[in-house]
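Take 128 as the starting number for the sequence shown in my numbering and just add one per residue. All residues carry an ideal CB built from backbone N, CA and C; glycine is no exception. To keep things clear, I will list the structure first and then write my remarks on it.
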Amino acid sequence: PSAGPSLIPSSSPSLDPSRVPSSVPSISQYPSVSCDEDGDKLTAQFFVRLKANGDPMIKDCEWLQGQENERINSICTKRTAGNKSLGPARNVCRATCRICERLPSSTPTSSK
128 PSAGPSLIPS SSPSLDPSRV PSSVPSISQY PSVSCDEDGD KLTAQFFVRL KANGDPMIKD
188 CEWLQGQENE RINSICTKRT AGNKSLGPAR NVCRATCRIC ERLPSSTPTS SK
């Protein structure tokens, strides 16, 4: 392991997880969230795109849930950078976008 993070990202990242966890957790601009039974917070807002006048187009998860599946998929697959305070739909409305993290089970399972 290195003494610290590299200044230049690797062109070929490792496929295997580190055996030694970081002593300091990384901080993402758009923190990931796991989904629970409640799903998305309906009032959570996300950045869609910039309007022609330069203003940001902002929507919420409730609006996204009301769209047809094709439109939801289109919005959720966009990898927009977001704006200063809001991330893209895929980072905000994770249940609607069906990209929730798989959380480890609290009950161990046996392998056969």
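(request) Can you tell me which of the three DSSP states R225 falls into? (result) Reading the sequence shown from its first residue, position 98 is the one you call residue 225. It is coil, neither helix nor strand.
(request) Check whether the segment 213 to 220 touches the segment 167 to 177, counting contact only when three or more Cβ pairs, one atom from each stretch, lie closer than 8 Å. (result) yes
(request) Spell out the partners DSSP gives K186 in its beta bridges. (result) Translated into the one-based positions of the sequence shown, residue 186 becomes position 59. Paired residues: F173.
(request) Reducing DSSP to helix, strand and coil, say where E195 ends up. (result) Counting from one through the sequence shown, the residue named residue 195 turns up at place 68. Looking at E195 - three-state DSSP - the assignment turns out to be coil, as it is neither helix nor strand.
(message) Against chain D, with Cβ distances strictly below 9 Å, would C227 count as a contact?
(response) Included in the structure is just one protein chain, with no chain D present.
(request) Report the three-state DSSP secondary structure of E164 (helix, strand or coil). (result) Residue mapping note: residue 164 aligns to position 37 of the sequence shown, counting from 1. Reliability fails at E164, whose pLDDT of 46 lies under 50, so the model's placement of it is uncertain and the value that follows must be treated cautiously. Coil at E164, not helix or strand.
(request) On a CA-only basis, which of I226, V147, R221, R146 is nearest D187? Give me that one, please. (result) Position 60 of the sequence shown, counted from the first residue, corresponds to residue 187. It is R221.
(message) For V219, report the span of its alpha helix (DSSP H) as first-last.
(response) To locate residue 219, count along the sequence shown from 1; it is residue 92. V219 -> alpha helix (DSSP H) spans 216 to 219.
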